[in-house]
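Note sheet for the following structure.
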Amino acid sequence: MSKPRVIYWFRTDLRLHDSPALKAALDLEPECLYPIWTWDPHYVYRARVGPNRWQYLLDCQNDLSQSITRLNSKSKLLLIREAPQTLFPKLFKAWNVTHLVFEKDTDAYARERDEQVVALAKKAGVEVIVKTGRTLYDPDELVKHNHGKPTMSISQVQAAGKKIGEIARPIPAPKELPDPGNTDLHFEQEKPSNEPDINAIQRDGNEASYLSLAGPNGDFAVPTIEELGLKEVTTPHRGGETIALKMLDDIIADETYTATFEKPKTAPTAFEPQATTLLSPHMHFGSLSCREFYWRVQDVVSDFKGTASQPPTSLTGQLLFRDMYFGAQAALGYSFGQTYNNPQCRFIPWHLPSKIDTESGLITGDYLVDNAEADVYFKRWKHGRTGFPWIDGLMRQLKDEGWIHHLGRHAVACFLTRGGCYVDWERGAEVFEEWLIDHEAACNIGNWQWLSCTAFFAQFYRCYSPIAFPQKWDKEGNFIRKYVPELKNFDKKYIYEPWKAPIADQKKWGCRIQGEGSETSDVTLYPKPMFDFSTRREICIQGMKNAYHIGLYGNDPKVLNGTWRELFDDNAEGPTEGEKGPPGAMVECKDADGHEENGDNEPPSPKAVKKMAVKSEKKAGHKREASQSTLDNAVTRKKKKGAEIFPNETHFG
DNA sequence: TGGACGGTTGAATAT
DNA sequence: GATATTCAACCGTCC
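FYI, in the UniProt record's numbering the residues of the first sequence are 1 to 653.
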């Protein structure tokens, strides 16, 4: 009997150390092992991926390929540019494959894809081996031991984990690898459709990833950013297992840091160096195993002489949160990523709700503008032009570097949703998906639900102040001086609220506080705050209180069919007007019009807002655009400029 | 059953 | 300046 001919399919496990699936492949003692990566059009065209995360992925692939070659000079990572669903049947035949091995992936899309691939393998007579390795526990096992329910708290994860048993010790990297065997591709490439191409906005060159199966040189090489047509890479953070293991070594060498780490005490304002480990993107791409991290930390903690920190605030506690979100996603599938039809997610009538495909019950990736002012808030938030230096600094760091501290993510997420803009958390999650180099769908979705108080967390009256909160760590405002350089000369007294600085001082410090964020290149200008924070906070808290009182969840029939509006006052915050409407929080009208300008640009008090809301006119057959007529006026003016500010926002509204 | 309690990371004020 | 208390009051879990 001939020896196995094995394809090892790399996906979210771009490493050689502690890979249970790779070990399973090698345990077959194969005649040949093909280490492959399939260039999935889902990632190229459908998921939101900015140039920085692309670069990180390419780093990981290059490093892995070199590591493979070090173990066997005939081998490397073979990148094949076709969708796995169409490629595998041809590949099985061409390479006479007997086994396909890969690491389990419980993401909603990945499950669908892998089910298809397994079925194709079965049809071709290829044996499939799938091993869990991405998380501390198999997410499906966590769910099973949590009474079949999504894991929604750390105590549930701990209880379920206890039943599953001890977390596995890491497996050493292989010392040798079999030859890959014949790599001829004597078959036609099936080019995937690039419609819709959600990543078009990430490119300024020609996207050439599918020109040929084995790449432009026919050598299966990792593509370049240029080949993918992507815009400039700006992050200083680089990927790859070699870097990841070095970073881990450095962390572990500092025993006190490792053993006494408490996440809530780390400073979101710290840079060079940051206060946390920066290992999250390595976890995402699998260039570092979470069990490797867990046990290296745990062994330091066990030997530590002082008082070590405990989960959930300790380093290992961070991994439990990750597993919790994976467990929630594993149980809920696609519905985890949206409010609509999600039994665990509270329904809040946020502004800028997602469009819903009523056939599938899934969000489309596009959204509706129920309120022009909220859309301006959202775009100014996204591009770091809110006029709140703490928020703008974080958003600029996110856009440029692809990483911000966890508490910084809290600050901007609270601000966009329940603590300022009252904009749908799904909008924020999409921006993070686009820009974060460590974007992990489960964790990102879960954290946005947490911060928006729609799941996992409920204390919506605990609201992050963009002025007071950062001062807990950075009274001098050094973070602001780095990421909002317009304000670098401002006195610390005004650094978090520069609009309060006297005009004479503003001139002296070389930056005037004026305008609405349209001047993006002029460093002598910084915008006025886009609203009065305490006013907006009151409006939001009232809105949350009201929505909590009504108490709907995403799978409520009234949410599914749109009759939830019967339960909300027409003047409540959000697209609440009328007794009937489209499903979810969808709205029929998109653009505000016909409002007169007045010169008053001051934010209204909560009382004034209430009064204006009562006065606002209703037009028959035409939904109200915003709850406050005066705010509409201010917005109409902003909106015209807004269209010029963000010319690239083609996929929005 | 209902009341106590915990919930990784608030803010303002008092000591 | 650091730490404790109060603020107003949410949810889900647990006994």
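Idealized CB from N, CA, C, for every residue including glycine.
Asked: Start and end residues, beta strand (DSSP E) containing residue 128; Found: 127-131
Asked: Neighbourhood of residue 297 by C-beta distance below 6 Å, restricted to the same chain and skipping five residues each side; Found: 258, 315 and 316
Asked: Residue from 231, 461, 427 and 63 with nearest C-alpha to residue 382; Found: 427
Asked: Cα-Cα separation between residue 696 and residue 158, rounded to whole angstroms; Found: Residue coverage of the chain in this structure runs from 1 to 653, which leaves residue 696 outside it and unanswerable.
Asked: Proximity below 8 Å, CB of residue 178 to CB of residue 30; Found: yes
Asked: DSSP state of residue 65 mapped onto helix, strand, coil; Found: helix
Asked: Reduced DSSP secondary structure (H/G/I, E/B, other) of residue 619; Found: At residue 619, the pLDDT of 25 sits below 50, so the modelled position is not reliable and the matter cannot be decided from this model.
Asked: Alpha-carbon spacing of residue 116 relative to residue 193, whole angstroms; Found: 18 Å
Asked: Close-in-space but distant-in-sequence residues of the same chain around residue 176 (CB under 7 Å, 5 per side omitted); Found: 71 and 72
Asked: DSSP-derived helix/strand/coil call for residue 613; Found: Here the model assigns residue 613 a pLDDT of 29, short of 50, so the residue's position is not dependable and the matter cannot be decided.
Asked: 8 Å Cβ cutoff met for residue 239 and residue 60; Found: yes
Asked: For residue 514, the nearest candidate out of 210, 487 and 540 (CA to CA); Found: 487
Asked: When 207, 154, 148 and 512 are compared against residue 226, the one with the closest alpha-carbon; Found: 207
Asked: Residue 263 (DSSP reduced to helix, strand or coil); Found: helix
Asked: Identified DSSP bridge partners for residue 81; Found: DSSP output for residue 81 lists no bridge partner at all.
Asked: Buried or exposed by the 16-neighbour rule on C-beta atoms within 10 Å, applied to residue 445; Found: buried
Asked: Distance, residue 102 Cα to residue 11 Cα; Found: 8 Å
Asked: Contact belief for residue 68 with residue 39 at Cβ below 8 Å, rounded distance in angstroms; Found: Not a contact, Cβ separation roughly 18 Å.
Asked: Residue 262 and residue 64 closer than 8 Å at C-beta; Found: no
Asked: Contact between the segment 83-100 and the segment 109-128 (3+ Cβ pairs under 8 Å); Found: yes
Asked: Proximity below 8 Å, CB of residue 271 to CB of residue 469; Found: no
Asked: Spatial distance of residue 396 from residue 366 (CA atoms); Found: 23 Å
Asked: Rounded distance between the beta-carbons of residue 121 and residue 88, thought under 8 Å; Found: 7 Å
Asked: Cβ neighbour criterion (16 or more within 10 Å) applied to residue 615; Found: Only weak support is given to the placement of residue 615: the predicted model assigns it a pLDDT of 25, under 50, and the question is left unresolved by the model.
Asked: Range of the contiguous alpha helix (DSSP H) that encloses residue 319; Found: 315-332
Asked: Delimiting residues of the alpha helix (DSSP H) encompassing residue 32; Found: Where residue 32 is concerned, there is no enclosing alpha helix (DSSP H), although the beta strand (DSSP E) it sits in stretches over 32-38.
Asked: Cutoff 7 Å; reference residue 358; Cβ partners in own chain excluding five residues on either side; Found: 583
Asked: Burial state of residue 2, where buried means 16 or more other Cβ atoms lie within 10 Å; Found: exposed
Asked: 6 Å CB neighbourhood of residue 146 in its chain, flanking five on each side removed; Found: 156 and 160
Asked: Under the three-state DSSP convention, the category residue 559 falls into; Found: helix
Asked: 8 Å contact criterion, which residue 269 and residue 474 should meet: CB distance rounded; Found: 4 Å
Asked: For residue 5, the three-state DSSP class (helix, strand or coil); Found: strand
Asked: Same chain, Cβ closer than 8 Å to residue 471, five either side skipped, listed in chain order; Found: 496
Asked: Residue closest to residue 467, alpha-carbon to alpha-carbon, out of 183, 434, 574 and 389; Found: 389
Asked: Chain-order list of residues whose beta-carbon lies under 8 Å from that of residue 209 (same chain, five-residue window excluded); Found: 39, 44, 81, 223, 227 and 228
Asked: Contact under 8 Å by Cβ, residue 213 with residue 94; Found: no
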